[in-house]
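J.:
Residue numbers (the UniProt record's numbering): 1 to 393.
1. Taking the Cβ atom as the reference point for each residue, do residue 61 and residue 2 lie within a distance shorter than 8 Å?
2. Just reading off the alpha helix (DSSP H) that residue 67 is part of, what are its end residues?
3. Could you tell me which of 117, 187, 190, 341 sits nearest to residue 361, measuring between CA atoms?
4. Helix, strand or coil for residue 374, going by three-state DSSP, please let me know.
5. So what's residue 317 in DSSP terms, helix, strand or just coil?
6. Put residue 256 into one of helix, strand or coil per three-state DSSP.
7. Less than 8 Å between C-beta atoms, sequence neighbours within five positions excluded: which residues of the same chain meet that for residue 114?
8. Would a C-beta distance cut-off of 8 Å place residue 296 and residue 305 closer than the cut-off?
9. Residue range of the alpha helix (DSSP H) that residue 187 falls in?
10. To the nearest angstrom, how far is the alpha carbon of residue 192 from that of residue 141?
11. Measure the alpha-carbon distance for residue 124 versus residue 137 and round it to whole angstroms.
12. Out of curiosity, what's the CA-to-CA distance linking residue 85 and residue 139?
13. Keeping to the same chain, check which residues put their C-beta closer than 7 Å to that of residue 68; ignore five residues upstream and five downstream.
14. Using 8 Å as the threshold, is the C-beta distance between residue 37 and residue 24 below it?
15. Please state the DSSP three-state secondary structure of residue 145.
16. Run through the DSSP bridge pairs and tell me what residue 105 is partnered with.
17. Using a Cβ-Cβ cut-off of 7 Å (strictly less than) and excluding sequence neighbours within five positions of residue 13, which residues of its own chain qualify?
18. Looking only at C-alpha atoms, which of 379, 385, 221, 254 sits nearest to residue 291?
19. Let me know the secondary structure DSSP gives residue 13 once reduced to three states.
20. Helix, strand or coil: which one does DSSP assign to residue 160?
21. Does DSSP put residue 300 in a helix, a strand or coil?
22. In or out: residue 59 buried (at least 16 other Cβ within 10 Å) or exposed?
23. Could you tell me the distance, in whole angstroms, from the CA atom of residue 122 to the CA atom of residue 81?
24. Helix, strand or coil: how does DSSP classify residue 138 here?
25. Measuring alpha carbon to alpha carbon, tell me which residue in 55, 43, 40 is nearest residue 30.
26. By the 10 Å Cβ neighbour count, where 16 or more other Cβ atoms means buried, how is residue 118 classified, buried or exposed?
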């Protein structure tokens, strides 16, 4: 009785895997097998090799495992080690039998361009044909039939012929109930002539009224490209202090705080902000739809924006804050570089030039009454730059 290898040889025994490649030391391999060294006399020849038990177990295990696959599945299992598979190679994989459709096939078997499933229980659908039930529904039994197109069906015959009976001679007659009388025809149809195609046409008065309404609507509006302070009126707009060239309250507060700390003169900046706010009010005047708003003020009539509307301080508010910050003191003044004028006589100059202050007077020891004279010009901070006073300025 043939042995069926359900369990490969030495499954639980000691075994060593046998390499495929020829080994440099002459050890056993699947390519070379047992070489001449295994034939040498182990007593007298030191190069002799012993047939190892683990390797022999490994060989028998590989053989019985492969034979067992063929015995149990009818063909070998697909494995990574078997790649690449040649064309028409047949393997067992995931409960199905597959045949390779290409050479050097390295893809895991799945229905596609590389593999095809082999089945013993093919259905008509597997090979894209009709089964018996489908064929019975699509085809008529074998018989002697007229060629297609040479006979009428019952429905065609009923539509083409009238039932057998006693009829008037052949002619062009209207069936009863299927034609209009002259009176009915006159009430349903208009005389033959050249007419516009059927459609929904408006009368002159309707068209004119729609034009008048459109013109009236347009007259109460301005072009959508119209702008206020460079903002298009395609939607409601809101002007900010920056849009009208003014400082916001927060920006003015910062500048006032700077004035308290460094003594800067904010009057010029405040005047410019007030002037910009006034210009913004002038620029904002214009005609827009009555529902449009500027800074939340409807344009149903002329409007005037105040400093509060654009988030800025008024002149009075700015002056009050700057006065409070400076407390009435003279600010932003400093002395310039020292000047030592030459003596014109023993007594020296009588006074310093206009816009200057004397900073040093001391006796000239080389004279009886002469003095050394030092003065410095006064400078004032204007718009962040120091300017030297001259004359009565």
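A virtual CB, placed ideally from N, CA and C, is assigned to each residue, including glycine.
T.: According to the structure data:
1. Counting from 1 along the chain shown, the entry for residue 61 is found at position 61. Counting from 1 along the chain shown, the entry for residue 2 is found at position 2. In this structure, residue 2 does not lie closer than 8 Å to residue 61 by Cβ.
2. Within the chain shown, numbered from 1, the residue matching residue 67 stands at position 67. Start and end: 53-73.
3. Stepping through the chain shown from its first residue, residue 361 is reached at position 361. Closest option to residue 361, Cα to Cα, is 341.
4. On the chain shown, residue 374 is found 374 positions in, with the first residue counted as 1. Residue 374 falls in the strand class under three-state DSSP.
5. Position 317 of the chain shown, counted from the first residue, corresponds to residue 317. Note: residue 317 maps to helix in three-state DSSP.
6. Here residue 256 refers to the residue found at position 256 of the chain shown. Three-state result, residue 256: helix.
7. On the chain shown, residue 114 is found 114 positions in, with the first residue counted as 1. 100, 101, 102, 105, 107, listed in sequence order.
8. Counted from its first residue, the chain shown places residue 296 at position 296. Counted from its first residue, the chain shown places residue 305 at position 305. No.
9. Residue mapping note: residue 187 aligns to position 187 of the chain shown, counting from 1. 182-188 is the span of the alpha helix (DSSP H), which, as asked, contains residue 187.
10. As a first step, residue 192 is located in the chain shown; it is residue number 192 there, counting from the start. As a first step, residue 141 is located in the chain shown; it is residue number 141 there, counting from the start. Each residue's alpha carbon lies about 57 Å from the other.
11. Residue mapping note: residue 124 aligns to position 124 of the chain shown, counting from 1. Residue mapping note: residue 137 aligns to position 137 of the chain shown, counting from 1. Distance from the CA atom of residue 124 to the CA atom of residue 137, rounded to whole angstroms, is 15 Å.
12. On the chain shown, residue 85 is found 85 positions in, with the first residue counted as 1. On the chain shown, residue 139 is found 139 positions in, with the first residue counted as 1. In a straight line, the C-alpha of residue 85 is about 45 Å away from that of residue 139.
13. In the chain shown, residue 68 corresponds to position 68, counting from 1. Same-chain partners within the cutoff: 5, 6, 8.
14. For the purposes of this step, residue 37 is taken as residue 37 along the chain shown, with counting starting at 1. For the purposes of this step, residue 24 is taken as residue 24 along the chain shown, with counting starting at 1. At least 8 Å separates the beta-carbon of residue 37 from that of residue 24.
15. Along the chain shown, read from residue 1 onward, the residue named residue 145 stands at position 145. Note: residue 145 maps to coil in three-state DSSP.
16. For this step, residue 105 is matched to residue 105 along the chain shown. The partner list for residue 105 (beta bridge, DSSP) reads 85.
17. Against the chain shown, residue 13 aligns to sequence position 13. So the qualifying residues of the chain are 57.
18. Sequence index remark: in the chain shown, residue 291 carries index 291 (1-based). Across the set 379, 385, 221, 254, the C-alpha of 221 shows the shortest separation from the C-alpha of residue 291.
19. Here residue 13 corresponds to residue number 13 of the chain shown, with the count starting at 1. Three-state result, residue 13: coil.
20. The residue labelled residue 160 in the question sits at position 160 within the chain shown. Residue 160: helix per DSSP, three-state reduction.
21. The count along the chain shown starts at 1 and reaches residue 300 at position 300. Residue 300 falls in the coil class under three-state DSSP.
22. Within the chain shown, residue 59 is the residue found at index 59, counting from 1. In this structure residue 59 is buried. Its beta-carbon is surrounded by 16 or more other beta-carbon atoms within 10 angstroms.
23. Along the chain shown, read from residue 1 onward, the residue named residue 122 stands at position 122. Along the chain shown, read from residue 1 onward, the residue named residue 81 stands at position 81. Between the alpha carbons of residue 122 and residue 81 lies a distance of about 31 Å.
24. Within the chain shown, residue 138 is the residue found at index 138, counting from 1. Residue 138: helix per DSSP, three-state reduction.
25. To locate residue 30, count along the chain shown from 1; it is residue 30. Minimum Cα distance to residue 30 is reached at 55.
26. Position 118 of the chain shown holds residue 118. Exposed, since its Cβ has fewer than 16 Cβ neighbours within 10 Å.
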